[in-house]
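Residue numbers (the working numbering): 45 to 309. Quick reminder that beta carbons are idealized off the backbone N, C-alpha and C, glycines included. Since the model is a prediction, treat every value here as computed from it, not as a measurement. This report concerns only the one structure given below.
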């Protein structure tokens, strides 16, 4: 079956330093049918941190890679749009940069806080943070100007020793997953956790299963690779998880339209 890595980063993201070509060549070596270049664009600091220019550069380098690797692999243009609810005005400017193949939506920090990566969790109530996080994510889904909702358990990457009270958050999660399904948006199975201390996909199996139960059909795989060596990491496990959750298809996006591939082993 044709598998696409729908979430990768290059030197045009502030936390990565490899060129688009390195990601493409790694994807070819992994036998992928396609790869989406989705560099970071944090909307709450869109202009002050230069994301407008970095995404322009990312798109130009990706378009060159499309020509270079034509016949070997599909190279798709994308962006990871972070915190759109914190700066909806400039989202329209972002969308005008290029007719992307795919737009990812993420929440890396909640209003008034740093990225979850930087927080001191001895000073915060984890469940209260998650309540605010899921509220912002729900509002992002209702807004809906994206294709794939990414790593919905993102904060847990950085909360060592913390066990979420999922019963407390079940209603909020159901609201997010149901709205995602109803709007025809995709849920990402992000495999980065399999190479990190969290040791599981983001989200885990039971959340993916719940998405399917609530009518969700579009599910994508994303490695969240920031280096070529991490492209498609954990994809065999991620694909098996999607099938176990009841998913029948693996999705990717081209020109903002979902393309479905029946899951077969």
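With distances taken between CA atoms, residue 265 lies nearest to 307 out of 307, 300 and 254. Taking 8 Å as the upper bound for CB-CB distance, residue 276 and residue 71 are in contact here, some 7 Å apart. Residue range 48-52 is occupied by the beta strand (DSSP E) that includes residue 51. In this chain, residue 154 is not harboured by any beta strand (DSSP E), its DSSP state being neither H nor E. Around the beta-carbon of residue 166, fewer than 16 other beta-carbon atoms lie within 10 Å, marking it exposed. DSSP places residue 45 outside both helix and strand once states are collapsed to three, so it counts as coil. If you ignore the 5 residues before and after residue 51, its C-beta comes within less than 6 Å of the C-beta of 82, 266 and 268, all in its own chain and listed in chain order.
Under the three-state reduction of DSSP, residue 106 is assigned to helix. For a cut-off of 8 Å, the C-beta gap from residue 185 to residue 224 is around 5 Å, short enough to register as a contact. Boundaries of the beta strand (DSSP E) around residue 125: 118-126. Note: residue 275 is not bridge-paired with any residue in the DSSP secondary-structure output. The residue from 206, 63 and 212 with its alpha-carbon nearest to that of residue 242 is 206. Membership of residue 296 in the beta strand (DSSP E) is indicated by the continuous run 293-298. Residue 96 and residue 103 have their alpha carbons spaced roughly 11 Å apart. For the options 158, 177, 107 and 256, the alpha carbon positioned closest to that of residue 63 is the one of 107.
By the Cβ neighbour-count rule, residue 61 is exposed, with fewer than 16 other Cβ atoms within 10 Å of its own. The stretch 161-176 and the stretch 213-222 touch, with three or more beta-carbon pairs separated by less than 8 Å. For the 8 Å CB-CB criterion, residue 128 and residue 187 form a contact. Residue 233 is positioned such that its CB atom lies no closer than 8 Å to that of residue 290. Residue 306: member of the beta strand (DSSP E) spanning 301-306, first to last residue.
With a cut-off of 8 Å on Cβ pairs, the stretch 82-93 is in contact with the stretch 115-128, counting three or more such pairs. With respect to the C-alpha of residue 227, the residue from 189, 294 and 244 having the closest C-alpha is 189. The shortest C-alpha to C-alpha distance from residue 293 to any of 256, 299 and 300 is the one to 256. In the structure shown, residue 83 adopts extended strand secondary structure according to DSSP, grouped into three states.
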